[in-house]
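Following: one structure in structure tokens, then a few remarks.
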Amino acid sequence: MRIARIIALFSVVVLLASCQQMPLVGTSAALSAVPPSATPTAAESDVGKQALEYIRVLSVDIGPRDTASGAEERAASYLEQELKAAGFQVGRQQFPVPVFDAQVSQTAPQQHAIDAEPLRFSMTGEVTAPLLFGGLGSPDELSNAGMAGKVALLERGQITFQDKVVNAARAGAPAVVVFNNAPGPIRGSLTATGSTIPIAGITREEGQALRDALSRGTGSLSVTVRRSQMNSQNVIAEIPGTGAGTVILGGHYDTVPVTGGAVDNASGTAVLLTLAHKLAGKQFPFTVQIIAFGAEELGLVGSQAYVSDVVRQAKSQVIAMVNLM
Ligand SMILES: [Zn+2]
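In the numbering used here, the protein residues as written are 1088 to 1412.
Rendered as structure tokens:
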């Protein structure tokens, strides 16, 4: 993202928000209305260098910033420190994040621990039972398969995880293990409706090995899904306005696991910090809130926590938001 274009965009937001006619702006749509500037000036390229430095610190020095991890918290501290250096009073909004953990192990014909990933919104619980392969988990495959009381081993694909687990529960399975249809672990989620039985994901290789072993004889599996609570935080700086209403500039700073997240979303966070420096000490006819959201990658948990806080406290009306995603 070109910083100069974002700053130009913010001017448009200020103008429109002054008329209080704009409920929400997505950056990509609005950006197309801002003509690209010519060769950057020396001041503009200094701003660009600083923005790149923010990205480097977040994605290289701090690195992967998994939701609710220590690294996410270190990133929050860094953002706080930078916003304070820009002259802001900075607040933290802390909120709980539900985190799931899954364990799978083969208990017969041999003992073998299997790396497993939880599927978000799974029912929690611990089940040990005979294992039965149920194909892709369609009702046709499961209804007459003798699935009652058996852990259903299902292959990923064709229908959603949610449909698989619902079908398996209907067929009487006390738990589901779904294996990937591509290399690598499964990272997935049920719908927020969740499931009535535990479900965990394993790799294609482990799943195929279990399926092949079943074709030669019986086997059993133990599946455990646990849910615990971790903490995350939004970092909030504010420029009090001379009039009513609030304009929010926001972006998330957590990442999916393993990646340093230079693009998603250290780049947006860097633009946010750059804008903060540009806006510090200025006055607007409305309050400006600069918010770095935590826990976005697990389902917008940080922004939901922010919205419920605004609703609960009946804080001043939000008239516009620019999401640097
Ligand atoms: Zn993202």
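Backbone N, C-alpha and C fix where the C-beta goes; we use that ideal spot for every residue, glycine too.
- Per DSSP, the unbroken alpha helix (DSSP H) holding Ala1357 starts and ends at 1355-1366.
- Relative to ligand 1, the beta carbon of Met1412 is positioned inside 7 Å of a heavy atom.
- Relative to the non-hydrogen atoms of ligand 1, the Cβ of Glu1159 never comes closer than 7 Å to any of them.
- With respect to Ala1173, Ala1353 sits apart: the two C-beta atoms are not nearer than 8 Å.
- Minimum Cα-Cα distance from Asp1188 among the listed residues Asp1227, Phe1182, Val1310, Phe1371 corresponds to Val1310.
- Remark: C-beta atoms of Gly1221 and Ala1239 approach each other more closely than 8 Å.
- Between Ile1289 and the set Ala1279, Gly1281, Arg1274, Thr1278, the nearest pair of CA atoms involves Arg1274.
- Annotation for Asn1352 indicates a beta carbon within 7 Å of some heavy atom of ligand 1.
- The segment 1314-1334 makes contact with the segment 1369-1377, as at least three CB pairs between them are under 8 Å.
- Less than 8 Å divides the Cβ of Gly1224 from the Cβ of Ile1246.
- Buried is the label assigned to Arg1207, since at least 16 other Cβ atoms lie within 10 Å of its Cβ.
- Leaving aside the five residues that flank Leu1366 on each side, the residues in its chain whose CB is nearer than 7 Å to its CB run, in chain order, Ile1326, Val1375.
- The segment 1193-1200 makes no contact with the segment 1264-1273: fewer than 3 CB pairs, one atom from each, lie closer than 8 Å.
- Separation of the CB atoms of Leu1411 and Gly1337 is rounded to 7 Å, and the pair is thereby assigned contact status at 8 Å.
- Counted as a single uninterrupted DSSP element, the beta strand (DSSP E) harbouring Gln1190 occupies residues 1177-1195.
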